[in-house]
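These notes concern the structure reproduced below.
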Amino acid sequence: MALCALTPATTLAATLPPQDRDWCGQVAPTTSWSVKNVDVLCRIDTVRHTWNADGTLATDPSTPSGYRETLTQAISINFIDYGNPRPDQPAGAATRDVMFVAGRFGLKSFDVTNPKKPKLLDWLGDGVDDPFLEDGNPGNGAQAPRRGTIDDMWENEDMDVDKDRKLVFLSRDPRAYGGSTGNPASRSGVYVIDVRNPENLDPISFAETPTGHTTTCVNDCKWVWTGGPAPNTDQQVQGWAGRPIFVTDMRDPRHPKVNPVPIDTARNDGVTDYAHDVQVDDSGVAWVSGRGGVRGYWTKGRHFDPVLGTGRVATADDPVPYAGGGIEENVFPPRTSSRFIHNAERPSGDDAPDPSYGDLIYATEEEFAGGAFPNGCANDGPLFIASLNGSYGGEAWRSTPDDKFRLKTVATWHPFGKEGSSTTTDCSAHYFEIKDRVLSMSFYSQGSRFLDITNPTNPTEIAYFRPGTGTWATYPHKGYYYSADRNGVYILELNVKAGQLRRPVDTAPLRAAVAADANGPLSPVTFAAPDPAQEASAALERPVGGVCSLPLYE
Numbered sequence: 363m364a365l366c367a368l369t370p371a372t373t374l375a376a377t378l379p380p381q382d383r384d385w386c387g388q389v390a391p392t393t394s395w396s397v398k399n400v401d402v403l404c405r406i407d408t409v410r411h412t413w414n415a416d417g418t419l420a421t422d423p424s425t426p427s428g429y430r431e432t433l434t435q436a437i438s439i440n441f442i443d444y445g446n447p448r449p450d451q452p453a454g455a456a457t458r459d460v461m462f463v464a465g466r467f468g469l470k471s472f473d474v475t476n477p478k479k480p481k482l483l484d485w486l487g488d489g490v491d492d493p494f495l496e497d498g499n500p501g502n503g504a505q506a507p508r509r510g511t512i513d514d515m516w517e518n519e520d521m522d523v524d525k526d527r528k529l530v531f532l533s534r535d536p537r538a539y540g541g542s543t544g545n546p547a548s549r550s551g552v553y554v555i556d557v558r559n560p561e562n563l564d565p566i567s568f569a570e571t572p573t574g575h576t577t578t579c580v581n582d583c584k585w586v587w588t589g590g591p592a593p594n595t596d597q598q599v600q601g602w603a604g605r606p607i608f609v610t611d612m613r614d615p616r617h618p619k620v621n622p623v624p625i626d627t628a629r630n631d632g633v634t635d636y637a638h639d640v641q642v643d644d645s646g647v648a649w650v651s652g653r654g655g656v657r658g659y660w661t662k663g664r665h666f667d668p669v670l671g672t673g674r675v676a677t678a679d680d681p682v683p684y685a686g687g688g689i690e691e692n693v694f695p696p697r698t699s700s701r702f703i704h705n706a707e708r709p710s711g712d713d714a715p716d717p718s719y720g721d722l723i724y725a726t727e728e729e730f731a732g733g734a735f736p737n738g739c740a741n742d743g744p745l746f747i748a749s750l751n752g753s754y755g756g757e758a759w760r761s762t763p764d765d766k767f768r769l770k771t772v773a774t775w776h777p778f779g780k781e782g783s784s785t786t787t788d789c790s791a792h793y794f795e796i797k798d799r800v801l802s803m804s805f806y807s808q809g810s811r812f813l814d815i816t817n818p819t820n821p822t823e824i825a826y827f828r829p830g831t832g833t834w835a836t837y838p839h840k841g842y843y844y845s846a847d848r849n850g851v852y853i854l855e856l857n858v859k860a861g862q863l864r865r866p867v868d869t870a871p872l873r874a875a876v877a878a879d880a881n882g883p884l885s886p887v888t889f890a891a892p893d894p895a896q897e898a899s900a901a902l903e904r905p906v907g908g909v910c911s912l913p914l915y916e
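Using my numbering, the final residue of the sequence shown is 916, and nothing's skipped along the way.
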């Protein structure tokens, strides 16, 4: 694997950007909004600059910055507390709570100590005072003016941070900067950004890896795991149906070392396939989601290896299999091949239901079934809740097409037909997080949904916010929720808690209509007419070749 150093900055450290606007803008509700039990505090517009053909930034005197701005989607968010050094303050008290937001615009930092008055601290990718990055935008074709920046960065849809060493890891997908998944020349890897001073986002290294869709910390961010996306033509020749996980040693973040031997191979009934993302639970198990299901690994300590049948020491480079498996294909919506699991979590403590419900994994299937509403929405990927029972003996690692192992589904949830839903066909499940038994989940054009999982066999929607654009993820943080949306970052406050509302909406008529459609025409159930404006918006919201959806091949 190539290890690529970054050219030192050619400019002085960035100065604090002018607070040229109210970053917590009050956005008036529109007819496309649908809201229940959520207070919408504001929206932070994530704008992107435009370049002229001669390499200069396009100006626009009508914007607060004086540059031409385009409202651009916020894709992922994370937070770091900057501790208060005063001796009279409790340990971990923050002088500043800083939010990092990634998107095609690059990386931005905001002070959200007061969530109602956020302040822009720095923007890496604005083209104003950025360092020249040798491994940034290559400046091919129409992108020539942006050479050496991280504008048009893709996709980093699950940004991870090292809160102790103050580092941000940006995952560079081969589709960044106009590249493609199929072209072996399209580079991928991990940018390491030093954010000890959040007013000066400082890229310190780039590790080139064969993967680059998502990057996740393991073992206290001393190592990172990078997976996805679909394989290039050279990788297809190796028999890969998708890219697995590659491990990078980040103990020296200025000189990362990539292990050339992949892990989580043969994940799809014996075939090496798309390992999409990793979430690490409170026990230290790293859950890898992708085509073929979700599999968990120990990454440190001594554990029994059910595949080898012996105890051994787990490391980030050589993890020990723990549990997991594929999700049943015969559960609604049915599939004819193994499911593409996008992300997964195993909650614990106050975030989890009563232990009497068993050891459960919560997992997203990302799938766009296509076709007109209602089937084009009803058959999109849902949330699955499955039992890990029976998977601790290495069953997922021995699964084959002729002898498949699948986890037993406990429940599913999807916004189709639910209160507050629209008639768009862009309904697949995406990222979720769990806090205090409230699962906050995004469903693209169906917005942010808040589910009470006190009873995991019957997850119940207690609140929702659907702005009518498209939502990537909704993050709980210090009593608020931060929603990464195609129009920016919405700051939300939930005014209901788990256990307060337990009245699910009856969607049996809609479900019956969709099930009947498999063998005949729809039963006489009345659906609202599709909104042409929303349909057009949904078609435009997914960047070409961008969203990590199916099919896996471009």
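Each residue gets a CB set at the ideal place from its N, CA and C atoms; glycine is no exception. Note that this is a predicted model, so its numbers are computed, not measured.
| If you draw a straight line from the C-alpha of LYS525 to the C-alpha of GLY574, how long is it? | Walking along the sequence shown from the start, residue 525 turns up at place 163. Walking along the sequence shown from the start, residue 574 turns up at place 212. LYS525 and GLY574 have their C-alpha atoms some 22 Å from each other.
| field | CA-to-CA distance, PRO777 to THR408, given in whole angstroms | value | As a first step, residue 408 is located in the sequence shown; it is residue number 46 there, counting from the start. As a first step, residue 777 is located in the sequence shown; it is residue number 415 there, counting from the start. Straight-line spacing of the CA atoms in THR408 and PRO777 works out to 27 Å.
| said: In the DSSP output, what is TRP924 paired with across the bridge? | reply: With the chain covering 363 to 916 only, the question about residue 924 has no answer from this structure.
| query | Using a Cβ-Cβ cut-off of 6 Å (strictly less than) and excluding sequence neighbours within five positions of ARG383, which residues of its own chain qualify? | reply | On the sequence shown, residue 383 is found 21 positions in, with the first residue counted as 1. Closer than 6 Å at Cβ, skipping near neighbours: PRO426.
| request: Tell me the start and end of each unbroken beta strand (DSSP E) in the region 711-775 that is at least 3 residues and wholly inside, in chain order. | output: The qualifying runs are 722-727, 745-749 and 768-775.
| message | Just to check my reading of the structure: GLN829 and GLY809 have Cβ atoms closer than 8 Å, yes? What is that Cβ distance to the nearest angstrom? | response | Here residue 829 is taken as the residue at index 467 of the sequence shown, counted from 1. Here residue 809 is taken as the residue at index 447 of the sequence shown, counted from 1. Looking at the sequence provided, one finds Pro at residue 829 rather than Gln. Rounded, the Cβ-Cβ distance is 6 Å, consistent with contact.
| What are the residues that DSSP puts in a beta bridge with TRP516? | As a position in the sequence shown, residue 516 is number 154, starting the count at 1. Per DSSP, none; premise fails for TRP516.
| Which residue from ASN692, ASP564 and ARG558 puts its Cα closest to that of PRO493? | Sequence index remark: in the sequence shown, residue 493 carries index 131 (1-based). Closest option to PRO493, judged by alpha-carbon separation, among ASN692, ASP564 and ARG558: ASP564.
| Distance between PRO546 and ARG799 (C-alpha atoms, nearest Å) | Sequence index remark: in the sequence shown, residue 799 carries index 437 (1-based). Sequence index remark: in the sequence shown, residue 546 carries index 184 (1-based). A direct Cα-Cα distance of roughly 43 Å separates ARG799 from PRO546.
| message | So that I know if they touch, is there some Cβ in chain C lying closer than 9 Å to that of GLY686? | response | Here chain C cannot be found, since the structure has a single protein chain.
| query | For THR578 versus VAL640, is the C-beta distance shorter than 9 Å? | reply | Here residue 578 refers to the residue found at position 216 when the sequence shown is read from its first residue. Here residue 640 refers to the residue found at position 278 when the sequence shown is read from its first residue. Against a cut-off of 9 Å, the Cβ pair of VAL640 and THR578 comes out as a contact.
| query | Out of curiosity, what's the CA-to-CA distance linking GLY428 and TRP395? | reply | Position 66 of the sequence shown, counted from the first residue, corresponds to residue 428. Position 33 of the sequence shown, counted from the first residue, corresponds to residue 395. One C-alpha to the other measures close to 31 Å.
| field | Limits of the unbroken alpha helix (DSSP H) element including ASP596 | value | As a position in the sequence shown, residue 596 is number 234, starting the count at 1. That run of the alpha helix (DSSP H) goes 595-599.
| Where does PRO838 sit, in a helix, a strand or coil, going by DSSP? | Indexing the sequence shown from 1 puts residue 838 at position 476. It is a strand residue.
| Rounded straight-line distance, which links the Cα of GLY468 to that of TRP516 | Counting from one through the sequence shown, the residue named residue 516 turns up at place 154. Counting from one through the sequence shown, the residue named residue 468 turns up at place 106. In this structure, the CA atom of TRP516 is about 9 Å from the CA atom of GLY468.
| query | What are the partner residues of GLU707, as DSSP defines its beta bridges? | reply | The residue labelled residue 707 in the question sits at position 345 within the sequence shown. Beta-bridge pairing links GLU707 to TYR724.
| field | According to DSSP, residues forming a beta bridge with TRP413 | value | Indexing the sequence shown from 1 puts residue 413 at position 51. Paired residue(s): LEU419.
| query | beta strand (DSSP E) containing MET612: first to last residue? | reply | On the sequence shown, position 250 is the one that residue 612 refers to. Unbroken run through MET612: none, as it is neither H nor E.
| said: To the nearest angstrom, how far is the alpha carbon of ASP713 from that of ILE796? | reply: If you number the sequence shown from 1, residue 713 lands on position 351. If you number the sequence shown from 1, residue 796 lands on position 434. Rounded to whole angstroms, the separation of the alpha carbons of ILE796 and ASP713 is 6 Å.
| query | Which term fits ASN499, buried or exposed, when burial requires 16 or more other beta carbons within 10 angstroms of its beta carbon? | reply | Here residue 499 corresponds to residue number 137 of the sequence shown, with the count starting at 1. Here ASN499 is buried, its C-beta having at least 16 other C-beta atoms within 10 Å.
| message | Could you give the first and the last residue of the continuous beta strand (DSSP E) run that contains PRO379? | response | For the purposes of this step, residue 379 is identified with residue 17 of the sequence shown, where counting begins at 1. Membership of PRO379 in any beta strand (DSSP E) is not indicated, and neither H nor E is assigned to it by DSSP.
| message | Does the contact criterion of 3 or more C-beta pairs under 8 Å hold for the region 677-688 versus the region 647-655? | response | In short, these stretches touch, since the Cβ pair count reaches three.
| field | Start and end residues, beta strand (DSSP E) containing SER533 | value | Start at 1 with the first residue of the sequence shown, and residue 533 comes out as number 171. Start and end: 529-534.
| query | Can you list, in chain order, the residues of its chain whose CB lies under 6 Å from that of ALA538, leaving out five sequence neighbours each side? | reply | If you number the sequence shown from 1, residue 538 lands on position 176. The answer, listed in chain order, is MET515 and TRP516.
| Close beta carbons around THR836, own chain, < 6 Å, minus the five adjacent residues each side | Here the question's residue 836 lines up with position 474 in the sequence shown. Residues of the same chain with a CB within less than 6 Å of the CB of THR836, apart from the 5 flanking positions on each side, are SER802, SER804, SER810, TYR843 and SER845 in chain order.
| query | Between the region 634-649 and the region 614-623, do three or more beta carbon pairs fall short of 8 Å? | reply | Contact check between the region 634-649 and the region 614-623: fewer than three CB pairs, one atom from each, fall below 8 Å, which does not count as touching.
| query | On the three-state DSSP scale, how would you describe TYR636? | reply | The count along the sequence shown starts at 1 and reaches residue 636 at position 274. Correct three-state label for TYR636: coil.
| query | What residue from SER807, GLY755 and ILE723 has the CA that sits closest to VAL772's CA? | reply | One-based indexing of the sequence shown puts residue 772 at position 410. Taking only the C-alpha atoms, the option nearest VAL772 is ILE723.
| request: Consult DSSP for ALA846 and reduce its assignment to one of helix, strand or coil. | output: Locating residue 846 in the sequence shown gives position 484, counting from the first residue. DSSP places ALA846 in strand when its eight states are reduced to three.
| request: Express the C-alpha separation of PRO763 and THR434 in angstroms, rounding to a whole number. | output: Stepping through the sequence shown from its first residue, residue 434 is reached at position 72. Stepping through the sequence shown from its first residue, residue 763 is reached at position 401. If I take the Cα positions, the gap works out to 42 Å.
| said: Here's a check: name, in chain order, each residue in its chain whose Cβ is nearer than 6 Å to the Cβ of TYR719, leaving out the five neighbours to either side. | reply: Numbered from 1 along the sequence shown, position 357 holds the residue referred to as residue 719. Excluding five sequence positions before and after TYR719, the CB atoms of its chain that fall closer than 6 Å to its own CB belong to PRO818, given in chain order.
| said: Here's the rule: buried if 16 or more other CB atoms are within 10 angstroms of the residue's CB, otherwise exposed. What is ALA375? | reply: What you label residue 375 is simply residue 13 of the sequence shown in a count that begins at 1. Its pLDDT being 39, under 50, ALA375 is placed unreliably in this model, and the value from its coordinates should be taken loosely. Exposed, since its Cβ has fewer than 16 Cβ neighbours within 10 Å.
| query | In chain order, what residues of the same chain have a beta carbon less than 8 Å from the beta carbon of PRO507, not counting five sequence neighbours either side? | reply | Translated into the one-based positions of the sequence shown, residue 507 becomes position 145. For PRO507, where only same-chain residues beyond five positions count, the Cβ hits under 8 Å are TRP413, ASN414, ALA415, ASP416, GLY417, THR418 and GLY501.
| query | Within 10 angstroms of its Cβ, does VAL554 collect 16 or more other Cβ (buried), or is it exposed? | reply | Stepping through the sequence shown from its first residue, residue 554 is reached at position 192. The residue in question, VAL554, is buried, as its Cβ has 16 or more Cβ neighbours within 10 Å.
| query | Nearest-angstrom Cα distance between ILE439 and ARG697? | reply | As a position in the sequence shown, residue 439 is number 77, starting the count at 1. As a position in the sequence shown, residue 697 is number 335, starting the count at 1. The alpha-carbon atoms of ILE439 and ARG697 are separated by roughly 32 Å.
| said: By the DSSP assignment, the beta strand (DSSP E) with TRP585 in it spans what residues? | reply: To locate residue 585, count along the sequence shown from 1; it is residue 223. In this chain, the beta strand (DSSP E) harbouring TRP585 covers 585-589.
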